[in-house]
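Notes for the one structure printed next.
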Amino acid sequence: MSSNYDPASEGAETEFARKMSYGDYLHLDALLGAQHPLSDSHDEMLFIIQHQTSELWMRLAIHELRAARHAIASDEVPPAMKMLARVSRIFEQLNNAWDVLRTMTPSEYTRFRSRLGQSSGFQSFQYRQIEYLLGNRNEAMLKPHAHDAEVMTLLEAELATPSLYDEVLRLADRKGLAMPAVVLSRDVRETHRFDEGVLQAWRRVYEAPEPNWMLYELAEKLVDFEDYFRRWRFNHVTTVERVIGFKRGTGGTGGVSYLKRMLEVELFPELWRVRTIL
Ligand code: HEM
Numbered sequence: 000m001s002s003n004y005d006p007a008s009e010g011a012e013t014e015f016a017r018k019m020s021y022g023d024y025l026h027l028d029a030l031l032g033a034q035h036p037l038s039d040s041h042d043e044m045l046f047i048i049q050h051q052t053s054e055l056w057m058r059l060a061i062h063e064l065r066a067a068r069h070a071i072a073s074d075e076v077p078p079a080m081k082m083l084a085r086v087s088r089i090f091e092q093l094n095n096a097w098d099v100l101r102t103m104t105p106s107e108y109t110r111f112r113s114r115l116g117q118s119s120g121f122q123s124f125q126y127r128q129i130e131y132l133l134g135n136r137n138e139a140m141l142k143p144h145a146h147d148a149e150v151m152t153l154l155e156a157e158l159a160t161p162s163l164y165d166e167v168l169r170l171a172d173r174k175g176l177a178m179p180a181v182v183l184s185r186d187v188r189e190t191h192r193f194d195e196g197v198l199q200a201w202r203r204v205y206e207a208p209e210p211n212w213m214l215y216e217l218a219e220k221l222v223d224f225e226d227y228f229r230r231w232r233f234n235h236v237t238t239v240e241r242v243i244g245f246k247r248g249t250g251g252t253g254g255v256s257y258l259k260r261m262l263e264v265e266l267f268p269e270l271w272r273v274r275t276i277l
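In numbering that gives the first Met the number 0, the protein residues as written are 0 to 277.
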């Protein structure tokens with residue numbers, strides 16, 4: 000291509016004094032004006048952008064998960080499937096992103112870590128919203144947000160709403176796969192605990208997928224998603240161990256020991272257990 004080629008000659012718009020441009024539409028001034036390293040360490044920019052992009056992807060994941068939950072509650076399963084597939088892809092994207100962060104060595108991180116003070120991903124309200132939406136509901140996790148009334152309202156509202164899995168179990172019940180009454184009427188503020196009746200219901204689906212195809216496909220979508228989420232947790236704890244070893248977290252937990260405990264979380268316990276009894 001000639002170096003004096005001008006795309007305007009074939010119609011590319013170049014005059015934006017009074018028109019909305021790419022940067023206007025995306026509010027790039029706000030987005031690209033939001034990186035404020037607190038040290039002169041070269042690698043702090045990576046650390047900031049990695050967290051900010053994760054928060055953006057989480058924002059989309061919440062958008063999709065809430066819509067999927069609503070669709071399931073309204074018996075509109077096909078659009079929910081599409082949205083859940085997208086959420087898995089978002090998590091795949093987040094999983095791949097760890098490779099970029101892992102290029103930061105412990106020596107590099109140590110140069111600016113003290114500048115973070117007590118701040119930590121542990122205080123990510125969007126991450127907590129995702130956990131609550133999916134059904135991992137620990138009220139103690141509200142505490143770091145007590146100072147922020149808006150976030151508290153949002154997280155409290157999430158706790159008062161049935162989780163994605165609650166809605167899937169209710170849908171299954173409506174479609175003739177009887178679920179235990181105690182599960183359907185449980186206090187949704189609590190985390191759903193493994194239930195033998197729910198396991199036996201899923202067993203019927205997995206033993207005869209064809210007549211139960213819609214529920215079978217939906218259950219596998221959930222497993223697919225939890226699979227990606229588990230990988231995110233695992234990648235996080237591995238990156239953390241690689242970068243800070245067994246130091247305490249800036250947020251005050253034991254660090255790797257806390258994150259390893261979180262690897263035990265099961266969002267959809269019966270869907271994992273059913274595999275053993277088939
Ligand atoms: C060098 C990079 C990182 C280190 C050393 C690190 C370290 C930690 C540690 C030690 C914790 C436990 C809480 C605490 O005491 O602070 C934690 C929690 C957390 N971090 Fe990271 N992290 C890193 C990168 C990231 C990134 C890129 C994200 C993406 C948003 C993230 C999101 C989270 C979340 C959501 C939690 C809470 C997890 C839960 O409660 O289950 N972290 N991190």
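Beta carbons: idealized from backbone N, C-alpha and C, even for Gly.
None of the values given here were measured: they were computed from a predicted structure.
Beyond the five residues adjoining it in sequence on each side, Ala218 comes within less than 6 Å, by CB distance, of Leu270 in the same chain, given in chain order.
When DSSP states are grouped into helix, strand and coil, Val86 belongs to the helix group. If you draw a 10 Å sphere on the C-beta of Ser162, you find 16 or more other C-beta atoms in it, and that means buried. In this structure, DSSP gives Tyr4 a state outside helix and strand, which the three-state scheme calls coil. Excluding residues up to 5 positions away in sequence, Ser87 lie with their Cβ nearer than 6 Å to the Cβ of Asp223 in the same chain. Counting only beta-carbon distances shorter than 6 Å to the non-hydrogen atoms of ligand 1, the qualifying residues in chain order are Gln49, His50, Ser53, Leu100, Tyr108, Ser119, Gly120, Phe121, Ser123, Tyr126, His235, Thr238, Val239, Val242, Ile243, Gly248, Thr249, Gly250, Gly251, Thr252, Gly254, Tyr257, Leu258, Met261. Pro36 and Leu266 have their C-alpha atoms roughly 36 Å apart. The beta carbons of His50 and Gly120 sit closer together than 8 Å. Under the criterion of beta carbons closer than 8 Å, Leu183 and Leu168 qualify as touching, at roughly 7 Å. The three-state secondary structure of Glu107, taken from DSSP, is helix. Secondary structure of Arg247 (DSSP, three-state): coil. DSSP places Arg68 inside the alpha helix (DSSP H), whose first and last residues are 43-72.
Below 8 Å, too few C-beta pairs join the stretch 74-82 and the stretch 32-47 to call them touching: fewer than three. Note on geometry: alpha-carbon atoms of Phe111 and Asp28 lie some 26 Å from one another. The count of Cβ pairs closer than 8 Å, one atom from the stretch 123-134 and one from the stretch 149-159, reaches three, so the stretches are in contact. The stretch 238-251 makes contact with the stretch 100-119; the number of CB pairs closer than 8 Å reaches 3 or more. Per DSSP, reduced to three states, the secondary structure at Asn94 is helical.
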